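Numbering that gives the first Met the number 0 puts the last residue of the sequence shown at 418; the count rises by one with no breaks. Inspection log for the structure reproduced underneath, given as structure tokens.
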Amino acid sequence: MIDKYNPYENMLQVLELAAQKLGLERNDYETLKYPERELKVAIPVKMDNGDIRFFEGYRVQHSSSRGPCKGGIRYHEEVDIDEVKALAAWMTFKCAVVNLPYGGAKGAVKVDPAKLSKGELERVTRRFTASILPIIGPEKDILAPDVNTNAEIMGWIMDTYSMLYGYTVPGVVTGKSIEIGGSVGRVEATGRGVSIVTIEILKYLGMPKEDVRIAIQGMGNVGSVTAKLFYELGYKVVGVADVSGAYYNPAGLDIPAIHAYQAASGNSLEGYTADGVKKISNTELLTCDCNVLIPCALQNQITGEIARAVKAKLIVEGANGPTTVEADEILNEKGVVILPDILANAGGVVVSYLEWVQNIQELTWEEEQINETLQKVMIRSFGQVLDIVKEHHVPFRIAAYMLAISKLAKAKNIRGVFP
């Protein structure tokens, strides 16, 4: 799916449409079509058997008009530069939607971490960090976890950067372990943000809790936290999925039991069974009998073909770019409401910002304060996007882009173009 649909081309199409709805001149948003900087690096690593193997790495900085760049690092063997460019642009728009003083960036290494030993993974990470060192830093570009990366990897990045500078620099990454400057609430932040805005839009759509049936694609950090929070709030989660397949029960899944199974089996749902649970494919999960679908896996999961078969009335994008432009058009024609990624999954970057602020100011906040701030920001941002939906009669995705682009265009006009 990733090869067939170019995520960067998808982003450009939505950007153009939103800019037209705002009535902007081309000069007002032309710079948003082009990343400020694209870095490609070759990463030599000595493997455990003594061989030297090269990996390809990327760091793309899309925009720094509103502040230092910010974005995750993903490890995936199918990643390419267009995917990273799209992810960097989405981060720019995401930060603008929730009004953070950041621009967008993204990085990646073309590797399957499951095929590396822990030592090899650490050496890949440290050499990659050294390769992109000139363009990153607390005032330039702050890294974070993404697909197949975690707090441990962020710790290696922070340590490598700090060793090369000669002093501890916790603010170069977010999503770290708490013991080395990470923030409480960061692990749950993206999933918590997804749950907050989902509940807000359910209120707006008049969908009572007892009628809601939720299916979640992806049981990594975002999907598993989202499932846990909805279960605890009394919502019925009828389907979940990971790389092993999808698991469906129209009567509702026992999410704590699923999490316990994951913990005991190396974070996989392979082989999970329970009364009333049927194993289905990921495609069947996306088109299952639910009224709220939350894709939390990779981009381009909901294609035109799948969109035609989607039964959900509401899609909340926990992943980045899970819906293609073709699918977007089909779903809009069907009357499906889509809460876009640049709003729905912004909880992670909100709490990453709070972690960064604590690092650079040498502060420590309690989890209650972090979660209260996250909720305030997500509800405020949802309300601002909803106001644009009502005023301009546009889908939520276009409204979110309109909000972001208007802020970015103003910032660019104020700063001007350096000769």
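Where is the CB? At the ideal position from N, CA and C, for every residue including glycine. On a predicted model such as this, the values are computed, not experimentally measured, just so you know.
Nearest-angstrom beta carbon gap, residue j and residue i [assumed within contact, 8 Å]
i: residue 373; j: residue 349; result: 5 Å
i: residue 106; j: residue 33; result: Actually they are not in contact, since the Cβ atoms of residue 106 and residue 33 sit about 18 Å apart, beyond 8 Å.
i: residue 293; j: residue 378; result: In fact, because the Cβ distance is near 18 Å, the residues do not count as touching under 8 Å.
i: residue 399; j: residue 321; result: Contact flag wrong, Cβ pair sits at about 15 Å.
i: residue 318; j: residue 298; result: 7 Å
i: residue 78; j: residue 109; result: 5 Å
i: residue 239; j: residue 249; result: Contact doesn't hold; Cβ gap of about 13 Å is too wide.
i: residue 411; j: residue 128; result: With a Cβ gap of about 30 Å, residue 411 and residue 128 do not count as contacting.
i: residue 290; j: residue 316; result: In fact, because the Cβ distance is near 16 Å, the residues do not count as touching under 8 Å.
Contact set for residue i: own chain, Cβ-Cβ below 7 Å, skip 5 residues either direction
i: residue 204; result: 313 and 336
i: residue 363; result: 357
i: residue 119; result: 44, 46 and 47
i: residue 7; result: 81, 84 and 85
i: residue 2; result: Confidence in residue 2 is poor, its pLDDT being 47 and thus under 50, which makes the residue's placement too unreliable to answer from.
i: residue 11; result: 32
i: residue 124; result: 152, 155 and 156
i: residue 201; result: 211
i: residue 303; result: 323, 325, 326 and 329
i: residue 87; result: 34, 59, 60, 61, 70, 103, 104 and 105
Extent of the continuous alpha helix (DSSP H) to which residue i belongs
i: residue 357; result: 346 to 360
i: residue 324; result: 324 to 333
i: residue 213; result: Note, residue 213: premise wrong, no alpha helix (DSSP H); beta strand (DSSP E) at 212 to 216.
i: residue 21; result: 6 to 21
i: residue 118; result: 117 to 131
i: residue 259; result: 254 to 263
i: residue 80; result: 80 to 96
i: residue 150; result: 150 to 164
i: residue 186; result: 185 to 204
Close-in-space but distant-in-sequence residues of the same chain around residue i (CB under 6 Å, 5 per side omitted)
i: residue 111; result: 76
i: residue 224; result: 187 and 190
i: residue 146; result: 73 and 75
i: residue 381; result: 196 and 199
i: residue 40; result: 56 and 130
i: residue 181; result: 175
i: residue 431; result: Outside the displayed span of the chain (0 to 418) sits residue 431, for which this structure offers no information.
i: residue 121; result: 155
Sequence-distant residues of its chain with Cβ nearer than 8 Å to residue i (five each side left out)
i: residue 401; result: 17, 20, 21, 387, 391 and 393
i: residue 137; result: 67, 168, 170, 171, 355, 358 and 359
i: residue 183; result: 177, 364, 365, 366 and 369
i: residue 280; result: 244 and 245
i: residue 126; result: 42, 43 and 44
i: residue 331; result: 337 and 394
Boundaries of the beta strand (DSSP E) in which residue i is found, first to last residue
i: residue 55; result: 51 to 60
i: residue 241; result: 235 to 241
i: residue 65; result: Looking at the DSSP string, residue 65 is not in any beta strand (DSSP E), and its letter there is neither H nor E.
i: residue 45; result: 36 to 45
i: residue 140; result: 140 to 144
i: residue 107; result: 102 to 108
Beta-carbon proximity check, residue i vs residue j, cutoff 8 Å
i: residue 341; j: residue 306; result: no
i: residue 422; j: residue 271; result: Nothing about residue 422 can be read from this structure; the chain reaches only from 0 to 418.
i: residue 265; j: residue 241; result: no
i: residue 61; j: residue 104; result: yes
i: residue 139; j: residue 101; result: no
i: residue 233; j: residue 208; result: yes
i: residue 408; j: residue 166; result: no
i: residue 427; j: residue 246; result: Past the boundaries of the shown model lies residue 427; the chain is included only from 0 to 418, so the question cannot be answered.
i: residue 268; j: residue 257; result: yes
i: residue 295; j: residue 221; result: yes
i: residue 97; j: residue 376; result: yes
i: residue 227; j: residue 251; result: no
i: residue 135; j: residue 36; result: no
message: Measuring CB atoms only, is the region 363 to 373 touching the region 184 to 191, in the sense that at least three cross pairs come out at less than 8 Å?
response: yes
- prompt: Does the region 253 to 266 come within contact of the region 279 to 288, defined as at least 3 CB pairs closer than 8 Å?
  reply: no
query: Does the region 293 to 312 come close enough to the region 124 to 144 that 3 or more CB-CB pairs lie under 8 Å?
result: no
- prompt: On the three-pair Cβ rule with 8 Å, is the region 171 to 182 touching the region 78 to 92?
  reply: no
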